[in-house]
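This note's numbering puts the first residue of the sequence shown at 461, with every later residue one more than the last.
Below is one structure, written out as structure tokens; the observations come after it.
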Amino acid sequence: MSGWYESMAEEDFARARTRELLSRISSLLDPERNRLLSLEEVIAVLKPAGETYVGMKAVEVDRIVGSEGRYRDFNRHFLPRREHLRSRWVSVDMAHYEDVPLPPVRLYEIGGVYFVRDGNHRISVAKLRGQSSIDAEVTSLDAEVPLKPGMTLEELKGEVIGYEKRRFYERTKFGELTGDDSLDFTSPGRYDEILEHILVHKYYVNQSLTRELSLGEAIWSWHENVYWPIILAIQEEGLLSRFPGRTPSDLYVFIVKHWDELKRKYGLEYPISDAARDFGERYGTTRARRLVERAGAVLRFALGRVRKLMRW
Numbered sequence: 461m462s463g464w465y466e467s468m469a470e471e472d473f474a475r476a477r478t479r480e481l482l483s484r485i486s487s488l489l490d491p492e493r494n495r496l497l498s499l500e501e502v503i504a505v506l507k508p509a510g511e512t513y514v515g516m517k518a519v520e521v522d523r524i525v526g527s528e529g530r531y532r533d534f535n536r537h538f539l540p541r542r543e544h545l546r547s548r549w550v551s552v553d554m555a556h557y558e559d560v561p562l563p564p565v566r567l568y569e570i571g572g573v574y575f576v577r578d579g580n581h582r583i584s585v586a587k588l589r590g591q592s593s594i595d596a597e598v599t600s601l602d603a604e605v606p607l608k609p610g611m612t613l614e615e616l617k618g619e620v621i622g623y624e625k626r627r628f629y630e631r632t633k634f635g636e637l638t639g640d641d642s643l644d645f646t647s648p649g650r651y652d653e654i655l656e657h658i659l660v661h662k663y664y665v666n667q668s669l670t671r672e673l674s675l676g677e678a679i680w681s682w683h684e685n686v687y688w689p690i691i692l693a694i695q696e697e698g699l700l701s702r703f704p705g706r707t708p709s710d711l712y713v714f715i716v717k718h719w720d721e722l723k724r725k726y727g728l729e730y731p732i733s734d735a736a737r738d739f740g741e742r743y744g745t746t747r748a749r750r751l752v753e754r755a756g757a758v759l760r761f762a763l764g765r766v767r768k769l770m771r772w
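If you want it as structure tokens, here you go:
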């Protein structure tokens, strides 16, 4: 009978590998959509404040979206991507056929979804079998941003950035004070950096005052006397076209750092307009270069996919 179970499990693995191939082909134009999330990358974005041991519970299999260490071995649906997974996968599947109880998997919960610490093969088999839930030992990581199954890493970053913007605007009343709702970034963590810029500006302005500048006054002063002149320099130099995918606020942060370096080298009177121009010339791309890079990226992507498919 065990030989029959093994044969059935081998067929299940072959079926899982076929589904993985079809899933890979269907996501050729958007490979990130098929990628299993890495816990390490998600933690780097969310920066959880701590962790709490939850203990044993039944977890919905569909809410398990990533892995701590095996995210390259399985796709988004936990279908096996590597042939070397066969032996372990088949043995787990055989245990189901033989009604052999398996130990609970170990998971991290963060933002309402789960990542596998131990038990990737068990999750893979459970998903193929259409199992709705699985027993798990859970540790929860504290995060303020809720996550959804199916999110890519870039979508997760977008959720975090949106949350950070809402929190920044609510706490500082930035929009009310400046009339500007376009402080937008493409990387998490920038709003804390902006608040630090404002506080540094407040400190230096206070050196020449007989009273303490309020935070609201400092925000308005920073926006009018620091931020907006740099945004105008970015516009005058046409820098946005040389940094595709970036926002004016992104370039403000980059140029301020570059300007500080230039002032240390050439003196405190170095003009911001020259700093913006120098930044664009050093790090920006020309239209011709962008076209070449885009064509090269498309060609590399196509060749990479052809090579992978040929191995099948």
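For each residue, glycine too, the CB sits at the ideal point set by N, CA and C.
Please read these numbers as outputs of a predicted model, since none were measured by experiment.
Apart from the five residues just before and just after residue i, which ones in its own chain have a Cβ nearer than 8 Å to its Cβ?
i    : result
D641 : Y629 and G635
V776 : Outside the modelled stretch of the chain, which goes from 461 to 772, sits residue 776, for which no answer is possible.
E614 : E492
Y712 : Y687, I690, I691 and I694
N666 : E672 and L673
E697 : S733, A736, R737 and G740
A748 : Below a pLDDT of 50, predicted positions are generally treated as unreliable, and A748, at 44, falls in that range; the measurement from the model is reported next regardless. None.
S467 : none
A476 : L539, P540, W549, S584 and L588
R627 : Y651
E501 : L613
Residue i and residue j: beta carbons closer than 7 Å?
i    : j    : result
I732 : A693 : yes
D533 : L545 : yes
V505 : K617 : yes
V598 : V514 : yes
P606 : G571 : yes
R479 : L539 : yes
L496 : R536 : yes
S487 : Y531 : no
D602 : G510 : yes
V550 : A474 : no
T745 : R702 : yes
Excluding sequence positions up to five away, which residues of its chain have a Cβ less than 7 Å from the Cβ of residue i?
i    : result
V565 : V576, D578, G579, R582, I583, I594 and A596
F714 : F739
P609 : D522, R523, V525 and V573
H661 : A678, S681, W682 and V686
E619 : V605
Y465 : M554, Y557 and E558
P508 : I570, L601, D602 and A603
By Cβ distance, which residues of its chain are closer than 6 Å to residue i, with the 5 residues on each side in sequence left out?
i    : result
D644 : T707 and S709
E753 : Residue placement at E753 cannot be trusted, given a pLDDT of 48 that sits under 50; what the coordinates show is reported in the next sentence. Closer than 6 Å at the Cβ level, and outside the excluded window around E753, lies no residue.
E471 : none
E569 : V598 and S600
V758 : Only weak support exists for where V758 lies, its pLDDT of 46 falling under 50; the value from the coordinates is given anyway. Hits under 6 Å: none found.
L637 : G676, I679 and W680
Who does residue i pair with in a DSSP beta bridge?
i    : result
D522 : In the DSSP output, where bridge partners are listed per residue, D522 has none listed.
G635 : Looking at the DSSP assignment, G635 forms no beta bridge with any residue, so it has no partner.
Y687 : Partner(s): none; Y687 has no beta bridge.
K517 : A596
S527 : S498 and V576
E511 : L601
Can you name the start and end residues of the beta strand (DSSP E) that residue i belongs to?
i    : result
S593 : S593 to L601
V809 : Residue 809 is absent from the model: the chain starts at 461 and stops at 772.
F575 : V573 to D578
Considering residue i, what are the terminal residues of the alpha helix (DSSP H) in which it resides?
i    : result
Y651 : R650 to N666
F739 : I732 to Y743
M611 : It is not in any alpha helix (DSSP H) - M611 carries neither H nor E in the DSSP assignment.
H537 : Element bounds for H537: n/a, residue is neither H nor E.
L700 : Element bounds for L700: n/a, residue is neither H nor E.
R546 : R546 to Y557
S681 : L675 to W682
K723 : P708 to Y726
Does the stretch 690-710 touch the stretch 732-741, meaning 3 or more C-beta pairs lie closer than 8 Å? With the cut-off at 8 Å, the stretch 732-741 and the stretch 690-710 touch.
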